[in-house]
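So the structure is just underneath, and the comments pick up after that.
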Amino acid sequence: MPADPITPRELYLNRRTWLRGGLIAAGMGATALVYQRLNGVDLVVSEQPALEGFVPVPPDGLARGFTTTEPTNSLAAITNYNNFYEFSTDKDGVAAAAKDFDTTGWKLEVGGLVTKPRTYDLDDLRRRFPPEERIYRMRCVEAWSMVIPWAGFPIASLLAEVQPLSSAKYVAFETLHDPARMPNQKRAVLPWPYVEGLRMDEAMNPLAILATGLYGQHLPPQDGAPIRLVVPWKYGFKGIKSIVKITLTDRQPPSTWNIQAPGEYGFYANVNPTHDHPRWSQATEQRLGESGRRDTLMFNGYADQVAHLYAGQDLHVDY
Ligand SMILES: Nc1nc2c(c(=O)[nH]1)N[C@H]1C(S)=C(S)[C@@H](COP(=O)(O)O)O[C@H]1N2
Ligand SMILES: [Mo]
Numbered sequence: 660m661p662a663d664p665i666t667p668r669e670l671y672l673n674r675r676t677w678l679r680g681g682l683i684a685a686g687m688g689a690t691a692l693v694y695q696r697l698n699g700v701d702l703v704v705s706e707q708p709a710l711e712g713f714v715p716v717p718p719d720g721l722a723r724g725f726t727t728t729e730p731t732n733s734l735a736a737i738t739n740y741n742n743f744y745e746f747s748t749d750k751d752g753v754a755a756a757a758k759d760f761d762t763t764g765w766k767l768e769v770g771g772l773v774t775k776p777r778t779y780d781l782d783d784l785r786r787r788f789p790p791e792e793r794i795y796r797m798r799c800v801e802a803w804s805m806v807i808p809w810a811g812f813p814i815a816s817l818l819a820e821v822q823p824l825s826s827a828k829y830v831a832f833e834t835l836h837d838p839a840r841m842p843n844q845k846r847a848v849l850p851w852p853y854v855e856g857l858r859m860d861e862a863m864n865p866l867a868i869l870a871t872g873l874y875g876q877h878l879p880p881q882d883g884a885p886i887r888l889v890v891p892w893k894y895g896f897k898g899i900k901s902i903v904k905i906t907l908t909d910r911q912p913p914s915t916w917n918i919q920a921p922g923e924y925g926f927y928a929n930v931n932p933t934h935d936h937p938r939w940s941q942a943t944e945q946r947l948g949e950s951g952r953r954d955t956l957m958f959n960g961y962a963d964q965v966a967h968l969y970a971g972q973d974l975h976v977d978y
């Protein structure tokens, strides 16, 4: 198997054609799935228009956790190895199944316990919140990981505009529910729509973003077009895709995987190498494109930025 081609950062900002390449065989260990890209299978290469007003990661971004010196995974890998059950439960089948997903006329409704509820269209969002680059590690609860150059804006900026009431303690997120456009919603593989939530202080942390792009392009359908959540210190399932609704609330919101298997997936779902999943270890992970496994880091390596949010909380109980 060829290694995942690493894309130098200088190239992706102006390069419009992408090499087709094989993905790696990511061995997940005896307890988890083994993913193999067979020779001869073409990847779905997802070309999207460039994002206007894209702001590269700031020079002091490393200290703030906004970037990393670890190599980014290729666009081909990021867009052909996905979890998005509304389209397919096969990670290598999402790209093809979501290829024609139409996001024309998308609306994002923001309401609940706020002073100024508001419905945004994508042009509003782009105008008001220019896409900033954030290069984050992404650690799936299934024990694989990638490094992804997102473009997005802090949720804090959006919340500042709608002005949460002091009674608002949590932020609830909801994915589109439309089986005509998300065909796997015709099957009851999960309760639809997919929902997620954050505590207010988590949502206000500068690392938490709403992403509208990656590699300086608009977000491809398989990665959650046109807008999805990215919280890099939590397991990937918290990063809800294709969001239509954000609601401020005083109660802990439901989380799809927590409803589905409460003993396996907590509401907080902070990356924690010392708290194993009941069916597999969380101590190590398979980074796509690497041959050996690497150690999983507490809070996925973002402890300096977020550990204070959980002071006094038992992360083996509130997991
Ligand atoms: N609506 C929705 N959001 C979702 C999922 C999903 O199935 N449906 N899968 C989650 C999981 S388990 C992961 S690991 C990430 C994967 O994001 P990526 O495919 O862009 O890497 O999306 C998350 N967001
Ligand atoms: Mo995941």
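One gets the working numbering by counting positions in the sequence shown from 1 and adding 659 to each.
Think of the CB as a built atom: it goes at the ideal place given N, C-alpha and C, for glycine as much as any other residue.
Remember, it's a predicted structure, so these values are computed and weren't measured experimentally.
For residue i, which residues in the same chain have their Cβ closer than 6 angstroms to its Cβ, ignoring the five residues on either side in sequence?
i: residue 715; result: 792
i: residue 862; result: 814, 830
i: residue 821; result: 769, 773, 775, 777
For the beta strand (DSSP E) that residue i lies in, which residues bound it at each end?
i: residue 831; result: 829-834
i: residue 780; result: 777-780
i: residue 745; result: Segment: none, residue 745 is in no beta strand (DSSP E) and carries neither H nor E.
i: residue 711; result: Segment: none, residue 711 is in no beta strand (DSSP E) and carries neither H nor E.
i: residue 888; result: 887-889
So, helix, strand or coil for residue i, using DSSP?
i: residue 876; result: strand
i: residue 732; result: coil
i: residue 816; result: helix
i: residue 911; result: coil
i: residue 723; result: coil
i: residue 716; result: coil
i: residue 841; result: coil
i: residue 772; result: coil
i: residue 899; result: coil
i: residue 931; result: coil
i: residue 938; result: coil
i: residue 787; result: helix
i: residue 688; result: Confidence is the limiting factor: at residue 688 the pLDDT is only 32, short of 50, which leaves the residue's position unreliable, though a coordinate-based value still follows. Coil at residue 688, not helix or strand.
Let me check one thing: in DSSP terms, what residues is residue i bridge-paired to?
i: residue 810; result: 792, 872
i: residue 965; result: Bridge partners of residue 965: none, in fact.
i: residue 945; result: 803
i: residue 855; result: 832
i: residue 953; result: 944
i: residue 767; result: 779
i: residue 905; result: 769, 832
i: residue 823; result: 773
i: residue 798; result: 804
i: residue 893; result: 929
Using C-beta distances below 8 angstroms, list every residue in its chain close to residue i, excluding the 5 sequence neighbours before and after it, in chain order.
i: residue 887; result: 869, 870, 878, 898, 899, 900, 901, 902
i: residue 837; result: 844
i: residue 850; result: 915, 918, 919
i: residue 853; result: 744, 745, 833, 834, 899, 900, 915
i: residue 926; result: 856, 911, 914, 917, 977
i: residue 712; result: 785, 789, 790
Leaving out the 5 sequence neighbours to the left and right, which residues in its chain are closer than 7 angstroms to residue i when beta-carbon positions are compared?
i: residue 762; result: 884, 885
i: residue 781; result: 765, 885
i: residue 880; result: 757, 758, 760
i: residue 770; result: 776, 906
i: residue 922; result: 937
i: residue 876; result: 707, 708, 709, 710
i: residue 958; result: 892, 929, 930, 965, 966
i: residue 955; result: 798, 930, 932, 941, 942, 943, 944
Name the two residues that bound the continuous alpha helix (DSSP H) containing residue i.
i: residue 861; result: 859-863
i: residue 753; result: 753-757
Quick one: measure Cβ to Cβ for residue i and residue j, integer angstroms, because I've assumed they're closer than 8 angstroms.
i: residue 873; j: residue 810; result: 6 angstroms
i: residue 970; j: residue 908; result: In fact, because the Cβ distance is near 23 angstroms, the residues do not count as touching under 8 angstroms.
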